[in-house]
Structures are given as C-alpha cells and as structure tokens.
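These protein sequences, in sequence, are chains A and B. Heads up: the first sequence is residues 1 to 362, going by my numbering. Heads up: the second sequence is residues 363 to 859, going by my numbering. Worksheet for the structure shown next.
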Amino acid sequence: MMNVKTDMKEDSRKTKQNAVTVYFTKFGVLVMIAALAGIGMMVSPNFMSWKNLLNILNAVSYLGIVATGISFVIYAGQYGDLSAPMTMAMSGVICVEFMRYGLIYGIIAAVLTGVIIGLINGFLVGKLKTNAIIWTLAMNFILEGLVRWSYKGTQIYPDMANAKTYTTGFFLPLMAKLDPNILKLDLKSKAAAFNGLAATYPLGLPLVLFVMFAVMIIGFIVMSKTTFGNQLKVVGSSYNVGKMSGINCTKTIMLAFVASSVCASIAGIFLTSLNQVGAFYIGQGYDFIAVTAIILGGMSLAGGRGSIVGVFGGVFTLGLISNILTLFGIGTFTQKMITGVIFIIVVAVNASSLRKLGRDYA
Amino acid sequence: MDTKNGLALEMKQVSKRFPGTLAVDSVDFEVRPGEVHALMGENGAGKSTLMKILAGSFNDYSGEIYIEGKAVGLHSPSIAKLEGVGMVYQELSIAYNRSVQENIFAGAIPGKGKFVDMKQLREEAVKALARVKLDKKVDPTMPMKNISQHESQLIEMAKVLKDNPKILVMDEPTSALSSAEVSMLFEIIADLKKQGMAIVYISHHLQEVFKIADRVTVMRDGKKITTCDICDVTKEKLVEMMVGQKIADFYKERVANTKGKILEVRNLTHYGFIHEVSFDLYKGEILGVVGLAGAGRTELGRCLAGADKVDDGEIILDGEKIKTGNMSKMLNKGIAYLTEDRKQEGLALRLSNRENILSSIITRLSRFGFYFPRKGNKIITELYKKLTIYPHDPNIGTSNLSGGNQQKILLAKWLSTKPKVLILDEPTRGVDVGAKKLIHETIVKLAEEGVAVLVLSSDLPELVTLSDRIIVIKQGRIIAELKDELDENKVLLAANG
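Now the structure itself:
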C-alpha cells in the first residue's frame, strides 16, 4: 500500500498571524503602562515614587477585585456582569445588618448574598440561555428596587442603634422579633470594627490592597490551573463544542457568575466600610469601568482568551490614567468622559482585531 | 457568443499572495459557455482562493481576467456580481426568520417608491424558484425556518440565479444532500447548461464529477496541474494528479475480526426522530448506518452519545445497563461521538490544536480539581504521528489549519478518550483524498485494536468499503440489515425501498 505523505505537502493557505497583532494582544497593556509612566514622570518628579504608586494601586484595588470576578464571566463568553454594582451595594447593606452579631457574621452573610445572586444569574444565563447583558442589567434593576424599597430609600449606618432602625431594615425587623436582646447589643465597638476594615494598614499598606492581590492570585490559579478554569475556556470559546465534549456547560457558566458576584460582594464590603454607610449607590459605575479594564488587559469579548495578569495590567493602566489626569488638574467629571472614550476605543480595537484574524465566530 | 474566442471566462496568469505563501501561482483557467467545469484539488490546493478572486474578495490579485472577452478588474464583490459572476457557497447565508421571497431578493427587494411591492416580489420569487424547480413545492411567503436543508440550498441557488449570472460557481453543493436530492440538483444543472450558462463545480466527490462535468481542472499547491476533457481521464489518474503521487489500491479489502458483544441497543426511542431502534455492536466491528437526509442517522448517534435525550429504550454497554442522556457519563464509560458539524460543535476554532484535542479529557487529566495538561503531551505526540497532522506544532490555532487537518484534529480529540465504542458522523465530509484515506486507515486500525466503530455517513462508497455490516434507517426506524457482499446498488435499493 502506498503511503500518502500529506504531512510533507506545504499547505498553501495562511497559517501565520501578523506578528505585530500577536505582540500587541499579548503585551499591548505593558506598552501602554510604560508610555503612561513616561508621561507621568514628565508631569511630576514624584510620579514614580513608591508613595504615589501605592496610592494608585490603593485607588484601584476595589476595581481590581470586581474586575477579577467579571473577567470570569467575560472569559465564559458572556460579555459581562452588569449586576455587579448592586451586588456590591446589597452585600454592603447585608454586611452592615449582620455585623451586629459580629464582623465575621456580617462578612459571611454578605458573601452568601453574592453566592445567591451569582447562582440566580448563572441559572438564567447558563440553563435558560437568556442574554447575559440583558439579564444582569435586569437583575441590577431588581436588586436596586429591593434595597431601596426595603430601606424606604434611607441609608443604613453601622453605628445606628435607635429603635427606628429596627422597623425599616429588611432583616432587622425579623431579627428584632426573633431576638429582642438585639436592641441591647453594643453597636459602637462592632461599628468601629466594621468601619476599620477599610482603614486597617497591616505592614503600612491598606488591607484592601492585600485582599486585591489575594483575589487576583486565587483568580489566576482558578482560571489557568484548575479543571473548572480550563473547561471554562472551552465553553467560552464555543458553547456547543463544550457541550459536545461532555462538559457540564450550565454548571461551568453558573460557577463563573458566582465567582463574579462573590468578588463584587468582597469589594462591596470594603467599599461600604470605606464610606461608613450602606446604601444603594455604593458600587455605581464599577461594572462599566471593570469591563474597560478587562478588555484593556487583552481579554477577548468573544470569550476564552486572556488572563488575570492582563486584567491586573488593565486595572493598573486605568489607575495610572486617572492619576495623571489628576496631576494635570482634570476633574472627575471630565475623567468620566475620558474613561468612556477609552472604553469605546478599546472595544472597537478588540472587535476589529478579532475580525481581521477571521476569528469572530462567536 | 459574439466574443473572439467564445469563452465565458478566461483567467490569465492569475496569482494571489498571502503573507508567507503564494496561494494561487500563475494559474490559467477558462470556462466555455454551456459547460460544467469541475475544479478539483486537495484542501489547501488554492481552488477556493482562485474562486474568491473571481468573486471579487481580493483587490490585490495579479493577472488578467476576461468575462466574455472583455477585460475586467474584479476588485470588489459588487463589481464581480455586476460583471456576471454568481457564487453559491458551501455555507448558506440565510435569514431564517424571514420569508423565502425576502431571502431570495435580500438587498434588492422590488418596490414602488419607498414601499415594497409585495405582488411583484411574489411574482419574481416564483420565477426565481422555477429556475431551481421549486415553484410547485415551496410557497415564497413561507418563513425560511420551515424549509428543509436541501431546499434551502436550492433557494440559495435561486438567489444567485435571479441576477442572471454568466458564470455560476458552486462550492461543494452536494455535501449536505442525499443521493435523491443530488440527482435533482443535477437536473437543474443540466437545464442551466442548456441555457448556455458557464458553471464551475468544486467538489471532492469523484463520482459526481464524472457524472456531471464536461472538463476538469486539477490544482495542487496553488498551481494548475492540468485541464482536460473528463472522458480523457480515469478516477485513478485524477486522484494521482490531485495528490501528486500514485495511489495503489485505494481501498483494501479487510477481513473483519470481531470478538464479543460490546454494545446492545434495545428499543431506543426519541419521539419524532428515532423509534424502537435495536441493534448489537461487536468489538472490532465497523457498522455502517445509512439513510437519506432526515432519516434519523445523526439523531441515533446523538442519542447513543447522550447529547440528546432518550425517551425510551436502553443501552447496554459491556453487559452493564447505562442511564442515558448524560454525555460526560457516556464518555467516561467509553462511548465517543464525533459530530458531523465540525465548525459549530466539533472544534473551538479559536483555541489551539492542543487545547482542542485535550478538551474532551480535561477531567481525566485532573487531580483534586487541578488540571495537568502536561500529562496529555504523550497522547498528543502519539496522535500527531498516527494521523500525520500538518503543521506539526500542536500549539498553533486550529483556525489556521486546512479542512482535512482540522478533521484529523477532531478525530484525535475523540481518540484521546480511548473509546470502546466510537461513533463517527460523516468522518470525511469535505476533506481531501489524502486525508480521507488516512482517516479510513485509522478507522480500520482502530477496529483491529478491538474498538467497535459506528460509521454514520452519506458517502456510500465509503460506507460500503469500510463497513463489515450496514444497517439501513428510514424515518427513524431500522428497515434493513445488510451483511455479506455489500455493494452500493444493494444499499441504495434498501435505503430507497
């Protein structure tokens, strides 16, 4: 029998991507960071000081935690989790309510809230195949209504101990009914512990910075080294292929949404502590900036491509931009416009580079 | 024709360069009016690129193109369309929620002023449908999603024909059709021929080409090998020109060496698709399943693999009754299913070959929730060698591979699961001769190693030569089982009976 040597034949079709495109998607964010650092040094001699860099990192650490979570949803090919802002707010409020029994109970209750929201999102998107953007937007709306309705539009302060609080809250009236002693709990020290979360400086650095690095390291390991992360990559690249490879797509997508909501919860707890108040507006705008950071970090909106290292790069870049703009004396409102323009440019480049590679199959 | 040499299309010294490769290298190509001209070659030979030049997909080709003697510059798809080039692609471009008539006239809906003229639209649509012999069968106001696959393909053709092209290019028009539908398509082509249309017919099916083409052009590695009258060549000669080497005994007779029953299927039913299907499968056996399109072939494969739900019946693997409907469970028990839809369900084209091959065994290469892809290195090296996949680097993206090599990656993905029962749905659809032969050899080798193989295919010669036994399925039921001295006519008779 003759052997057909198909492997010897030069295939005459395009097998190589443009090297520039490859390097840009891989290291583009590093180039941007270097350029921004250059500009920053020109503007201010103190720019590259440790103090300033730590300031930048501290300012974006909340964003970093949220972005790590949402990146799982984007990695799963589901465009984004727009319920993140209200997940943050709701977790903060729940934490404030439950920290009356002790800080740890507050944190557990808040994270559980995140898990539940994530499971609902994941079930609707993964199992019932609703559009992720539309559903999470609706979820955000529902949660906002829930929080504002149950607190009658008021904010809740950690050290508020008067009887009025026990008639307006969502869980508090219930708790007061079950356990009358709740009224006698010493709230002053509990509230101090809660408010101290965002004001703790182990080793001279803010606690939330350590938490961001921890979340990112765990996120990196989960995304690239675990069974779940690698299945998520297949599902994100092509849902049908994942399904036909014996992967439980519903479960995988649900877990991605849970990761997103839990990260939002953690960020929500810290942000509430920083503001010393639980309210519906805590976390507003974080969904949008997080998606900008993620795409800036080279993650593809089509799913299955990118890494947490890139997400960190994207988050840091946004921090640098904001810092430099402040050094230039540009105000917050103008910065918002600039962030919006960056978002549009980054998404446009992302989409067109996908199209050029002929890979926009999603 | 009032042209000097009477050619409908003449391409002179046409070349197209991609970064790194010359995809089409100084090719001369001509088509006469009223002729069916087959364009053949392996995947990656440059025939698609040549036809894309003709369709105006590139504005940086070199060489000259004449249509009916007039020099034309086909620099955009709209120019190509105006000059009379009509393309029917393998992949359909259909808006499934719109009606048939709106699909046919997409982008050119007749109107009065700013309003759509429904009456004229309907009349024109009926005329267009008549050209593909569907005017009696299809109501132009019907939504496209209610139209069957093969009629959709004809409607796609009607869409192209309504512009009265001078040259009609068809890329693998029969790859999704059953034999009855193919002969209907051939009647339509014969009609168009009579009307003097020049037809370029791209196909991997040798038999079809011999049945319908007047002349054939063979391409290899971007170059034209030859153009000749179809009656001057034999099948063997054509294959030799396409592959570039002589192929001795294309299909080898094989003696089945079956041992022990591995799979028992009893009364398997998925309402509306398959009904009370029962058969046995033995270790080392290759069982072919034949049936017209829509007969339930694919659904049978999907039910066995756990991809579709099963309403009734049981599957007994190795004496153990297994609960159906869970794909990962079936996979772990040793039933693997290679899908017919490579692009949508088979391979994630954005991943690398390595990731694609290992995607079905992620859990097997994991310990305590952590994934160790390095454990798959040996499997990948082995499979790359076994299937001679080109290029050799498993880390490049799957989208960069030719169709034949992508199919090999898909096969490798399922071989990596070390299946006891391997279900192959159209294992060689749209792949070139060399890859096809290699896939066939691999299937035979697997059977010799004791794997039970179920081949679902619409390629009759493939089934007849590969299978030890063939079951015929019609409207979801097994209507015949053929064992000894399989030949195509017998199978065809049974399938249509």
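No residue lacks a Cβ here, since even glycine has one placed at the ideal position from N, Cα and C.
Problem set entry | Bounding residues of the alpha helix (DSSP H) (the contiguous stretch that carries K747(B)) | In the second sequence, the residue the question calls residue 747(B) occupies position 385. From DSSP, the alpha helix (DSSP H) with K747(B) extends over N739 to L749.
Exercise. According to the Cβ coordinates, are K190(A) and M90(A) closer than 7 Å?
Worked result: The count along the first sequence starts at 1 and reaches residue 190(A) at position 190. The count along the first sequence starts at 1 and reaches residue 90(A) at position 90. Not closer than 7 Å, so no.
Exercise. Can you find a C-beta in chain B that's less than 7 Å from the C-beta of K251(A)?
Worked result: Taking the first residue of the first sequence as 1, we reach residue 251(A) at position 251. Interface residue (Cβ-Cβ distance to chain B less than 7 Å): K251(A) is not classified as such.
Exercise. Is the CB-CB distance between K409(B) and M692(B) below 7 Å?
Worked result: Reading the second sequence from its first residue, position 47 is the one you call residue 409(B). Reading the second sequence from its first residue, position 330 is the one you call residue 692(B). In this structure, M692(B) does not lie closer than 7 Å to K409(B) by Cβ.
Problem set entry | Touching by the beta-carbon criterion (3+ pairs, under 8 Å), the stretch 569-583 of chain B and the stretch 512-529 of chain B | Judged by Cβ distances under 8 Å, the stretch 569-583 of chain B makes no contact with the stretch 512-529 of chain B, as fewer than three pairs qualify.
Problem set entry | Neighbour list for Y733(B) in chain A, Cβ cutoff strictly below 8 Å | Stepping through the second sequence from its first residue, residue 733(B) is reached at position 371. Neighbours of Y733(B) on chain A, chain order: K225, T226, T227, G229 and N230.
Problem set entry | Assigned secondary structure, I441(B) (DSSP; H/G/I helix, E/B strand, else coil) | As a working mapping, residue 441(B) is identified with position 79 in the second sequence. Secondary structure at I441(B): helix, using DSSP grouped into helix, strand and coil.
Problem set entry | Per-residue burial, K184(A) [other beta carbons within 10 Å of its own, 16 or more giving buried] | If you number the first sequence from 1, residue 184(A) lands on position 184. Only exposed fits K184(A), as fewer than 16 other CB atoms lie within 10 angstroms of its CB.
For this session: Specify the secondary structure class of V531(B) as computed by DSSP and reduced to three states.
Result: Residue 531(B) sits at position 169 when you count from the first residue of the second sequence. It is a strand residue.
Problem set entry | Residues of its chain near S722(B), where Cβ-Cβ distance is below 6 Å and the 5 sequence neighbours each way are ignored | Residue 722(B) sits at position 360 when you count from the first residue of the second sequence. Closer than 6 Å at the Cβ level, and outside the excluded window around S722(B), lie K775 and T779.
Exercise. How would you call D611(B), buried or exposed, if buried means at least 16 neighbouring beta carbons within 10 angstroms?
Worked result: Taking the first residue of the second sequence as 1, we reach residue 611(B) at position 249. Bear in mind that a pLDDT of 48 at D611(B), under 50, signals an unreliable position, so the model cannot answer this.
Problem set entry | Nearest candidate by alpha-carbon position, reference L124(A), set T250(A), K233(A) and M42(A) | The residue given as residue 124(A) occupies position 124 in the first sequence. Of T250(A), K233(A) and M42(A), the residue nearest in Cα terms is T250(A).
Exercise. In chain B, which residues lie less than 7 Å from S260(A) when you measure between Cβ atoms?
Worked result: Here residue 260(A) is taken as the residue at index 260 of the first sequence, counted from 1. Ordered by position in chain B, no residue passes the 7 Å Cβ test against S260(A), which lies about 19 Å from the chain.
For this session: Could you pull the start and end residues of the beta strand (DSSP E) that R628(B) belongs to?
Result: Taking the first residue of the second sequence as 1, we reach residue 628(B) at position 266. It spans K621 to H632 - the beta strand (DSSP E) in which R628(B) sits, taken as one unbroken run.
Problem set entry | CB contact below 7 Å: S71(A) versus chain B | To locate residue 71(A), count along the first sequence from 1; it is residue 71. Chain B contact via Cβ: absent.
Exercise. Below 7 Å between beta carbons: does that hold for P781(B) and A698(B)?
Worked result: As a position in the second sequence, residue 781(B) is number 419, starting the count at 1. As a position in the second sequence, residue 698(B) is number 336, starting the count at 1. For P781(B) and A698(B), yes; Cβs fall inside 7 Å.
Exercise. So, is the C-beta of N240(A) closer than 7 Å to a C-beta in chain B?
Worked result: Numbered from its first residue, the first sequence carries residue 240(A) at position 240. Cβ-Cβ to chain B under 7 Å: yes for N240(A).
Problem set entry | Option nearest N121(A) by Cα separation, candidates I345(A), G80(A) and F257(A) | Locating residue 121(A) in the first sequence gives position 121, counting from the first residue. Measuring from the Cα of N121(A), the nearest candidate turns out to be F257(A).
Exercise. Hey, which unbroken runs of the alpha helix (DSSP H) at 4 residues or more fall wholly within the stretch 268-327 of chain A?
Worked result: The stretch 268-327 of chain A contains these whole alpha helix (DSSP H) runs: 286-296 and 308-327.
For this session: Could you please give the first and the last residue of the uninterrupted alpha helix (DSSP H) stretch that includes G92(A)?
Result: Residue mapping note: residue 92(A) aligns to position 92 of the first sequence, counting from 1. Counting along the chain, the alpha helix (DSSP H) containing G92(A) begins and ends at A84 to F98.
For this session: Compare the C-beta of Q706(B) against all C-beta atoms of chain A and say whether one is closer than 7 Å.
Result: Here residue 706(B) is taken as the residue at index 344 of the second sequence, counted from 1. With 7 Å as the cut-off, Q706(B) counts as an interface residue toward chain A.
Exercise. In this structure, does DSSP put K585(B) in helix, strand or coil?
Worked result: Reading the second sequence from its first residue, position 223 is the one you call residue 585(B). Strand.
Problem set entry | Stretch pair the stretch 377-393 of chain B + the stretch 414-434 of chain B: three plus CB contacts closer than 8 Å | Contact check between the stretch 377-393 of chain B and the stretch 414-434 of chain B: three or more CB pairs, one atom from each, fall below 8 Å, which counts as touching.
Exercise. What residues from the stretch 189-209 of chain A come within 8 Å of chain B, judged by C-beta to C-beta, listed N to C?
Worked result: Here the close residues number zero.
Exercise. G77(A) by DSSP, collapsed to three states: which one?
Worked result: Position 77 of the first sequence, counted from the start, is the residue given in the question as residue 77(A). In the three-state reduction of the DSSP assignment, G77(A) falls in the coil class, being assigned neither a helical nor a strand state.
Exercise. H802(B): buried (16+ other C-beta within 10 angstroms of its C-beta) or exposed?
Worked result: Position 440 of the second sequence holds residue 802(B). Buried is the call here.
Exercise. Given that a residue counts as buried once 16 or more other Cβ atoms are within 10 Å of its Cβ, and exposed if not, what is Y151(A)?
Worked result: The residue you call residue 151(A) lines up with position 151 of the first sequence. Under a 10 Å Cβ-count criterion, Y151(A) is classified as buried, with 16 or more other Cβ atoms of the shown protein chains found around its own Cβ.
Exercise. Interface residues of chain A around R338(B) at Cβ under 9 Å?
Worked result: Examination of residue 338(B) is not possible in this model, given that chain B is present from 363 through 859 alone.
Exercise. Chain A partners of R669(B), CB-CB under 8 Å?
Worked result: Position 307 of the second sequence, counted from the start, is the residue given in the question as residue 669(B). Sequence inspection shows Ala at residue 669(B); the Arg mentioned does not correspond to that position. A669(B) reaches chain A at K243 and M244, counting residues in chain order whose Cβ is nearer than 8 Å.
Problem set entry | Distance, D422(B) Cα to S438(B) Cα | Your numbering for residue 438(B) matches position 76 in the second sequence. Your numbering for residue 422(B) matches position 60 in the second sequence. Separation of S438(B) and D422(B) (C-alpha to C-alpha, rounded to the nearest whole angstrom) is 10 Å.
For this session: Have a look at the DSSP bridge pairing and note the partners of M373(B).
Result: What you label residue 373(B) is simply residue 11 of the second sequence in a count that begins at 1. Beta-bridge pairing by DSSP links M373(B) to F391(B) and I427(B).
For this session: Starting from the beta carbon of N248(A), find every residue of chain B whose beta carbon is closer than 8 Å, and list them in chain order.
Result: Along the first sequence, one-based indexing puts residue 248(A) at 248. Ordered by position in chain B, the residues that pass the 8 Å Cβ test against N248(A) are S690.
For this session: Leaving out five residues on either side along the sequence, give the residues of the same chain with a beta carbon under 6 Å from the beta carbon of G650(B).
Result: The sequence position of residue 650(B) within the second sequence is 288, counting from 1. Contacts found: V817, L825, S829 and I832.
For this session: Along the beta strand (DSSP E) that carries V817(B), what are the first and last residues, could you check?
Result: As a first step, residue 817(B) is located in the second sequence; it is residue number 455 there, counting from the start. Per DSSP, V817(B) belongs to the beta strand (DSSP E) from A814 to L818.
Exercise. Around the C-beta of K683(B), are 16 or more other C-beta atoms found within 10 angstroms, so that it is buried, or is it exposed?
Worked result: Within the second sequence, the letter at position 321 stands for residue 683(B). Within 10 angstroms of the beta-carbon of K683(B) lie fewer than 16 other beta-carbons, which makes it exposed.
Problem set entry | Under 8 Å by beta carbon: chain B residues contacting R305(A) | Taking the first sequence and counting its residues from 1, the one referred to as residue 305(A) is at position 305. Listed along the chain, the chain B residues whose CB falls inside 8 Å of the CB of R305(A) are R712.
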